[in-house]
Every structure is written in structure tokens, then in C-alpha cells.
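> Going by our numbering, the sequence shown opens with residue 8, and the numbers climb by one from there.
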Amino acid sequence: MSFHARPISFKPPRLKGLSARLIASHYENNYGGTVRRLNAIKGELASFDPASAPGFRLNGLKREELIATNSMLLHEIYFDGLGEGGGGDPTGALADAIARDFGSLAKWRAEFTAMGKALGGGSGWVLLTRSPPRGDSDGTLSNVWAADHTHGLAGGTPLLALDMYEHSYHLDFGANVGAYVDAFMANIAWARVAARFEGAPPEKKPHTVTTPDARKMLEADPDLIVIDARLADDATSVPVRLRGARRAPPDKVDEIAASLPRGAKALVYCAWGFEIGGNCAAKLRERGIDAVAVAGGIGAWRADGLPTEPHKEGETK
């Protein structure tokens, strides 16, 4: 089984105090690099013969597999915990549980924030974690310190993750760790944290395909129409495209749609896989074109290390 980057849950430019450049670098390079490294380790293990190889080689691979797997999962919780319009305090059952186990929301926030700032200059994670049920308890909440990707509460479920590795803040904040932690706290998407607390399944978007499926479509059909629906600023900041993509920002979608034959197949992507790509694909379907959007946009595509080509001069407008 191979893994691919999970689409991001928010539009990076809309966060408060965390730049889109920082988020894109963290997501595509660090998180995406971890996903790719895990796939490479899995591939090596698949061809590994534990009966004939030295034990230290097997142990080394399994250690690296654990580190990469936990890094992938914790990064996904980290990004899922951020969102535009975030911050403030949680409500409902999650808020009640935090107040029960920490004394108050303010006490939880003070401890979680202080733990993050104390990790400045080092590396690690701060994790709001739910322990497994015991007796009459449905699982208590605690803030867990993790010095690396191999520490955690046995049987616990992380609900919110604060990444304190330098790559998560250095581009924006340098050594000012406190400002980074404060910015993170101001962007917490409590609705998604609460959904994880309550065990709600993630929402699935119709008419979307994962990056691996999008790649298969490209490789299987040389005539597949590929549409780059990004806004001009997004295309300029990342001046690469999927193979043979033609530009169709929102103000040109109708013009492009009218030029395509009914029944044609189209693959659409935007920057991060939100409404711009989805709306473009929907307009194409209204014109009789079989169009789907790439989940996570070109950000997820690049995080998975999939091939791109440079835009030609003037194409990003």
C-alpha cells in the first residue's frame, strides 16, 4: 500500500499570522517529504528478507518506518487543526471535557501554550490527547509532550497537534517561538478538532479524485484535457503546471468550456482543492464535459512529488 498527501483543510493565505509561504513549504516539503519517505521505506521492506538479513538492518528499517508513519499522521492532525476564522475557544462536548480534565479552558490553554514555547530551540510536538476509556471514564484529556515522532500516550488519540520542529516556524518567525505558538493558537479550527473528538468521519467531496488517481488518468489518456483553474496570483507564486494544462481562471472558464467538445474528459485543479477548482469542474459538467477536480489541488500534487512542468511565459495570467 502506498500513501499520498492528504489535502489541506484550509486556504493558507487566510490564516492569521502564518504566511502562505510558510504553510506551503511545511506542507509540500516537510509533510510531503515524509509521505514520500514512508513509501520508500515500505518499498524496501516489501523486498526485504528478514530470515537472511542481519537483525540490525530490520530493526533500523522498522524504526524509520515508525518515525515516518508517526510524522505523517501528526502532520495531518497539525494541518487539520488549523483554519481560517479559527481561534477562540471550543464549544459543546469537547469544551466540557477540557474543562473537566484541566479545570477550565483557560488552564488548558495556558499549559498547552507554555509547553509549546518551552520546546523552542529544540524539536518535538505538543499533543492534546484523549486516553483510552477506563472503567466508567470515557477517556481523559491530557497535554502530551513528545520529543520526537516516537513518543506518545499508549492507546491515546491525538486531537490537536502543535509542531515545534524548526521547519514549522523559522521562515516566518526565526527564533521568536512565542510568536509562532500564539499565531497557531489564534488559528485553531475547533470544529474539526471537535469532530475528531466525537469520532465524526471526514467530509468527502463529490466529483473529486485523489492525486494518485489523477496521475493514472493522465498516464492512461494522452488526450485528457487538463485545466489549471488557479487565480493569477496563485499561478504566479507557483509557476508550474500539470502536463499540458491550459489556463482557465474563474473569469475565463465559460470561454474555455465553450471551446471543448461535449463528452470530453477533463481534469481540473486549483491551488489547494477548494471551490475554485470545484466550481470550474461544475461549470464544465454543465456543458456536457466529464470533469473532475484534483483533491488538494496542485499543493497536494507537489507534496506527493508528482511531475510538473514550467508554465510558458505569460501563461500565469
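All C-beta atoms in this analysis are idealised placements derived from N, C-alpha and C, irrespective of residue type, glycine included.
Taking only runs of the beta strand (DSSP E) that begin and end inside the region 171 to 246, which ones reach a length of at least 3 residues, in chain order?
232 to 235
> DSSP on A298, reduced to helix/strand/coil?
strand
> Between V200 and G88, which are expected to be in contact by the criterion C-beta below 8 Å, what is the C-beta distance as a whole number of angstroms?
6 Å
> Between D258, L267, A278, which has its C-alpha nearest V247's C-alpha?
A278
> Following the continuous beta strand (DSSP E) through Y276, name the residue where it begins and the one where it ends.
272 to 276
> Nearest to G92 by alpha carbon, out of D170, G128, L25?
L25
> Give the DSSP-derived three-state secondary structure of T136 in the structure shown.
strand
> Using C-beta distances below 8 Å, list every residue in its chain close to A113, excluding the 5 sequence neighbours before and after it, in chain order.
none
> Roughly how many angstroms separate the alpha carbons of H214 and R292, rounded to a whole number?
The straight-line gap from Cα to Cα measures roughly 10 Å.
> Expressed to the nearest angstrom, what Euclidean distance is found between the alpha-carbon atoms of A75 and T41?
Cα to Cα, A75 sits roughly 6 Å from T41.
> Counting only the same chain and skipping the five closest in sequence on each side, list residues whose C-beta sits under 8 Å from that of M79.
F10, Y38, T41, V42, L45, listed in sequence order.
> Quick one: is the Cβ of W197 within less than 7 Å of any heavy atom of the ligand GTP?
Among the ligands in the structure shown, none appear at all, so the ligand GTP cannot be discussed.
> Work out the CA separation of A271 and M224 for me, nearest whole Å.
13 Å
> Taking only the alpha-carbon atoms, compute the straight-line gap between F191 and G127 and give it to the nearest angstrom.
14 Å
> Assess contact between the region 228 to 243 and the region 196 to 210, defined as three or more Cβ pairs (one per stretch) separated by less than 8 Å. Is contact present?
no
> So what's L148 in DSSP terms, helix, strand or just coil?
strand
> Return the chain-ordered list of same chain residues with a C-beta closer than 6 Å to the C-beta of P165, the five sequence neighbours on each side being excluded.
I84, L134, T136
> Three or more C-beta pairs under 8 Å: does that hold for the region 205 to 220 against the region 58 to 68?
no
> On the DSSP letters alone, give me the boundaries of the alpha helix (DSSP H) that R292 sits inside.
Run containing R292: 282 to 293, per the alpha helix (DSSP H) assignment.
> Decide if the region 115 to 122 is in contact with the region 142 to 158; the criterion is three or more beta carbon pairs, one per stretch, under 8 Å apart.
yes
> Have a look at the DSSP bridge pairing and note the partners of L89.
I195
> Could you spell out where the alpha helix (DSSP H) holding R269 opens and where it closes?
Looking at the DSSP string, R269 is not in any alpha helix (DSSP H), and its letter there is neither H nor E.
> Expressed to the nearest angstrom, what Euclidean distance is found between the alpha-carbon atoms of G162 and G304?
34 Å
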